[in-house]
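A.B. asks: Each residue of the sequence shown is one higher than the one before, counting from 6 in the working numbering. All C-beta atoms, glycine included, are put in the ideal place defined by N, C-alpha and C.
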Amino acid sequence: MTDPLDIRTPEFDAALRALPAAPASPDVATDETYWDAVRGLYRQTDAVINLENGYWGAMAEPVKSVFHYWIDRLNYETTTLVRPHWGAIHDGLRARVAAAMGCGVEEIELTRNATEALLALISGYNRLAPGDTVLYSDLDYPCGKDAMEWLRERRGVTPVRITIPEPHEHDDFHRAVIETYAEALRAHPRTRLVLLSHVCFATGLVMPVAELSALARQAGADVIADAAHSWGALDFDVPALDVPFAALNLHKWIGAPLGCGAIYIRKGHLDAVDPYLGDRTWPADDIRSRVHTGSPNFAAWLTVPAALDLHARIGAHAKEARLRALRDAWVKPARALPGVRILTPDDPSMTAGITAFRVDGHSARATCDALRERFGIFTVTRPGPDAGDVVRATPALFSRMSDVGRLGEALGVLSRERK
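#1: Between the alpha carbons of ALA221 and GLY273, how many angstroms are there, rounded?
#2: Just how far apart, CA to CA, sit ASP77 and ALA134?
#3: Give the range of the beta strand (DSSP E) segment to which THR138 is assigned.
#4: Less than 7 Å separating the beta-carbons of VAL165 and LEU140?
#5: Can you look up ARG346 in the DSSP assignment and give me helix, strand or coil?
#6: Kindly identify the DSSP beta-bridge partner or partners of ARG387.
#7: With a 10 Å radius around its C-beta and 16 neighbouring C-beta atoms as the bar for buried, classify THR308 as buried or exposed.
#8: Is it a yes or a no for the region 283-291 touching the region 47-55, going by three-plus beta-carbon pairs under 8 Å?
#9: Which residue comes first and which comes last in the beta strand (DSSP E) that contains GLY266?
#10: Run through DSSP, which three-state label would ALA245 get?
#11: Using CA atoms only, rank isn't needed, just tell me which of ARG271, ASP151, ALA305 is closest to PRO262.
#12: Considering Cα atoms alone, identify which of VAL296, ALA226, PHE72, VAL68 is closest to ARG117.
#13: Comparing C-alpha positions only, which one of ALA122, GLU158, ALA119, ASP11 sits nearest to GLY136?
#14: By DSSP, does TRP155 sit in helix, in strand, or in coil?
#15: Does the region 230-244 come into contact with the region 20-39, if we say contact requires no fewer than three beta-carbon pairs (one atom in each stretch) closer than 8 Å?
#16: State the start and end residues of the unbroken alpha helix (DSSP H) segment that holds ILE183.
#17: Using the C-alpha atoms, what's the distance from LEU348 back to ALA357?
#18: Which partner residues does TYR130 have in the DSSP bridge list?
#19: Report back the beta-carbon spacing between GLY62 and TRP258 to the nearest angstrom; my notes put them in contact at under 8 Å.
#20: Could you name the residues of the same chain whose beta carbon sits closer than 8 Å to that of GLY107, not counting the 5 residues immediately before and after it, in chain order?
#21: Based on Cα-Cα distance, which residue from THR372, ALA119, GLU174 lies nearest to PRO350?
#22: Thinking C-alpha only, which one of ARG271, LEU79, PRO249, LEU123 is nearest GLU111?
#23: Alpha carbon to alpha carbon, how far is ILE183 from LEU210?
#24: My output table needs one value for VAL53: the three-state DSSP class, helix, strand or coil.
#25: May I ask you to list the residues that DSSP assigns as paired with LEU239?
#26: Helix, strand or coil: how does DSSP classify ASN254 here?
#27: Alpha carbon to alpha carbon, how far is GLY97 from TYR60?
#28: Could you pull out every residue in the same chain whose Cβ sits closer than 7 Å to the Cβ of ASP352, ignoring the five residues on either side in sequence?
#29: Can you give me the Cβ contacts of GLU154 inside the same chain, cut-off strictly under 7 Å, excluding the 5 residues immediately before and after it?
#30: So the beta strand (DSSP E) GLU114 belongs to, where does it begin and stop?
#31: Under 8 Å by Cβ, that's how I've got PHE383 and VAL53 pegged, so tell me the actual separation to the nearest angstrom.
#32: If you check the beta carbons only, do THR399 and ASN58 fall under 7 Å apart?
#33: Considering just the uninterrupted stretch of the beta strand (DSSP E) at PHE362, what are its terminal residues?
#34: Quick one: Cα of LEU275 to Cα of SER294, how far?
#35: Alpha carbon to alpha carbon, what distance is there between MET355 and LYS337?
#36: Compare the C-alpha of ARG423 against each of ILE359, THR360, MET406, LEU342 and name the closest.
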């Protein structure tokens, strides 16, 4: 039997053969001929400029053809394919995902999304005693914040929420972020667990996770990294985050179908997370006992290798450079507009493709509505920051420079109209 993980469609193979190699740095971000070729892999509506690509990522058409292949085949063969072969398929799939992450297969398991992984890690973390502190920030994902608060009931700990400053408040923003966590750890010496977002879901701020993890470790705390928005948008191997625990998505920037995520527990740290609700399906020394997904979308998971192939063909370095260039193309002129507050700095180590903003005199909802109704630009409001809701703009690999340029023009109009 052909390894199901090696199956590709003729459409997929032809598309990858036709895609030119990414240009060498430093031209990779702005070679419009190359990125037009990448754009040609996607089928997108022209009814609106979609700058809300942070929810999930559209599959490229070649990847979608593999997904459709698996939908059809699974609907035809059903359990006769899955029952006899899923164990071996699952093992092989985990190995491929682990290799792409740069870690060992024993350190990861597939999930349906990063949220599932994140909640399993927070709820299962057992190195807490009554009176300990757990730390999170206003920029963390809402369900993660809720779970950290729930640990008060579950473990008898004291949750502490800190506010991350905004870039316009500090000349050295990187240092300000580090010092915010350092001060919190000094103020709460019994902190034993810290939740860190790699790319903050609301604003797009890229946290210096490895530095903060070292800081937490020196203070006696472990870190759970929420990498839902980073893997595939930034060029990194998961071990480089230097955290014992992480939750990731494959259906955002890796380009897999919806329903694909992963949990990461670094070797040597498995005992710090309880088996999921007393799981006995897997041995206690197997990471698969730490999360239970039930039946996944088999077609989606079987499409992951094709998505990884395309991701590798374009390259994480090229993707990061392009997404940041699209972000910079509208952010840098918008930053000079009166009344427009950009919520990520221009430090490239702290930015990716996602960036949020506010316009003085306009609520986030009013700004979002105006962008859609008056300028044909689709964005989204995001809650969470203590300073108030934001408008988030997220380009995709298929976005054009003219798309983000249109956002900059629209913000110029709204800036002049502010109250």
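C.D. replies: The structure says:
#1: 18 Å
#2: 50 Å
#3: 138-142
#4: yes
#5: strand
#6: VAL395
#7: buried
#8: no
#9: 266-270
#10: helix
#11: ALA305
#12: VAL296
#13: GLU158
#14: helix
#15: no
#16: 178-192
#17: 12 Å
#18: VAL278
#19: 6 Å
#20: ASP242, VAL243, PRO244, ALA245
#21: GLU174
#22: ARG271
#23: 13 Å
#24: coil
#25: TRP236
#26: strand
#27: 28 Å
#28: PHE178, HIS179
#29: PRO164
#30: 113-116
#31: 5 Å
#32: yes
#33: 360-364
#34: 10 Å
#35: 15 Å
#36: LEU342
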